[in-house]
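Novice: I have a structure here, written as structure tokens, and I will follow up with some questions on it.
In this note's numbering, the protein residues as written are 156 to 678.
Given below as structure tokens:
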């Protein structure tokens, strides 16, 4: 049976590391004076959980050997020690590994110690985390999703509680948190203070890496370290696995291979290829995402979470063609969005899935028009939608995917996303669409979790989206601060007995704004 532990008790246990150390089954040299010990600098993270596995992550303050261990008991009785892993300057002292042979459907406690590579007698205090593995049988599933962290100059204001959206999500004790992209804003420096319309002042916590756009590898790394300075973020990451993907702001706004920075005076490094390479390195160092030797920096993947749920993470950024006007009538190099290999993978995995619900985690919405100003000065397209009418440009790829899902009889597909900095529910109805060869489906948008609020955007009729709910800033207002209250996340619950999926859109005060029960289809 899974063990249970209250959130408060767990967080207290995480802080009270001395008791955990005494119960350890590991044999370590005598602990030296505290000032000489390595430090666990940015908390713990877990991610990409399965029936029997999970990614574990931590960072040291110096060259050190990471020792992870896990147990199904809070006391760490009969704990399992994992192979040692070196945390070196080459990875900015981060350590990430896949813990295997975990028990299915269990709460698992894990912890890390760092042993100084220059002094084996110097060992850090242990830091404790918790995760829940995917169930082998039927069990209620609960998770949250959102995106967009520390954007538009809104960083950590400790006097306002920091990134309180993460605390709101943790109240639900979800099985995992799905981050829909824009984990950082590498192109979004923050100032020490921002005067607000209500007469108050937003005061940002600052580190040097957040005072300019990220260009060097260390500056990209600093964006992730900044977010982990927030106690709400660290608390959620220690208690809830984070399943993530990336979008544009992990590199720079609206980036594609054709992005030009020549006119952007903030950048001395003008190569978008070099910036994207450094950004990808930092993303994979700092996020608890599994890697594959077939493509070490791949973001798209499936995370299976028991018989009720498979989550398919897309990468709508890495393989896309250039951002153009997006009006091509036939598919070609400029209309590529997911790319042939990712599309083939998605179709194959959707067809093979035996889970009741197939959630497609997309870093951009399907039917919302998102514009991009091209280097030529013309109006270009950043997302999929290109305007009302038949499918054109990138819509051709999506039309083919939706048609495939229908004819392959893949049922119970739901799309989740963020990106546009407000929350909405879209029901795609072929009876109201220009392109009609698909089955109806839902797309839910929720975010930002801690960034400026914008919107709402314009819906494109190509795939027949019906706006069932929206909450966004009043007309004429934009880039509202987190203190304005328009920060959002979504909560999904799948009932084991009925297999009904309930999707609730919430704000970061944890108010339920709108909800829908979706009945599964069988046969």
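For glycine and all other residues, C-beta sits at the position ideal for the given N, C-alpha and C. Remember, it's a predicted structure, so these values are computed and weren't measured experimentally.
Considering only residues of the same chain and omitting the five flanking positions on each side of residue 456, which have a CB-CB separation below 6 Å?
Specialist: The residues are 468.
Novice: Alpha carbons only, please: which of 567, 661 and 662 is nearest the one belonging to residue 677?
Specialist: Residue 677 has its Cα closest to that of 567, out of 567, 661 and 662.
Novice: Kindly indicate which three-state DSSP category residue 253 falls into: helix, strand or coil?
Specialist: Residue 253 falls in the strand class under three-state DSSP.
Novice: What number of angstroms, rounded off, separates the C-alpha of residue 621 from the C-alpha of residue 247?
Specialist: So the two alpha carbons sit approximately 46 Å from each other.
Novice: Within 10 angstroms of the Cβ of residue 275, are there 16 or more other Cβ atoms? Answer buried if so, exposed if not.
Specialist: Label assigned to residue 275: exposed.
Novice: Which residues in the same chain as residue 580 place their Cβ atom closer than 6 Å to its Cβ, once the five residues preceding and following it in sequence are excluded?
Specialist: Result list for residue 580: 599, 623 and 624, in chain order.
Novice: I need the straight-line Cα distance from residue 590 to residue 419, nearest angstrom please.
Specialist: Using only the alpha carbons, I get a separation of about 39 Å.
Novice: Apart from the five residues just before and just after residue 176, which ones in its own chain have a Cβ nearer than 6 Å to its Cβ?
Specialist: Confidence at residue 176 is low in this model, with a pLDDT of 35, below 50, so its placement is unreliable and the value that follows should be read with caution. Within the same chain, residue 176 has close Cβ partners 281.
Novice: In the DSSP assignment, find the alpha helix (DSSP H) that holds residue 502 and state where it starts and stops.
Specialist: Per DSSP, residue 502 belongs to the alpha helix (DSSP H) from 495-507.
Novice: Grab me the residues of residue 482's own chain with a C-beta within less than 7 Å of its C-beta, minus the 5 sequence neighbours each way, in chain order.
Specialist: 541, 547 and 548.
Novice: Quick check on residue 586: does DSSP put it in helix, strand or coil?
Specialist: Helix at residue 586.
Novice: Residue 624 by DSSP, collapsed to three states: which one?
Specialist: Residue state, collapsed to three classes: strand.
Novice: Near residue 495, which residues of its chain fall below 8 Å by C-beta distance, leaving aside the five closest residues on each side in sequence?
Specialist: None.
Novice: Alpha carbons only, please: which of 649, 638 and 425 is nearest the one belonging to residue 137?
Specialist: Outside the modelled stretch of the chain, which goes from 156 to 678, sits residue 137, for which no answer is possible.
Novice: Which class does residue 656 belong to by DSSP, given the choice of helix, strand or coil?
Specialist: If DSSP states are grouped into helix, strand and coil, residue 656 belongs with the strands.
Novice: Label residue 363 either buried or exposed according to how many other C-beta atoms from any shown protein chain fall within 10 Å of its C-beta, with 16 as the threshold for buried.
Specialist: Exposed: under 16 other Cβ atoms inside 10 Å.
Novice: Give me the DSSP bridge partner(s) of residue 200.
Specialist: Beta-bridge pairing links residue 200 to 212.
Novice: Can you tell me which of the three DSSP states residue 389 falls into?
Specialist: Residue 389: helix per DSSP, three-state reduction.
Novice: Considering only residues of the same chain and omitting the five flanking positions on each side of residue 553, which have a CB-CB separation below 8 Å?
Specialist: Counting only Cβ-Cβ distances below 8 Å, and skipping sequence neighbours, we find 492, 521, 539, 546 and 618.
Novice: Can you tell me which of 488, 256 and 484 puts its alpha carbon nearest to the alpha carbon of residue 474?
Specialist: It is 488 whose Cα lies nearest to the Cα of residue 474.
Novice: Between the region 368-380 and the region 335-346, do at least 3 Cβ pairs fall closer than 8 Å?
Specialist: In short, these stretches touch, since the Cβ pair count reaches three.
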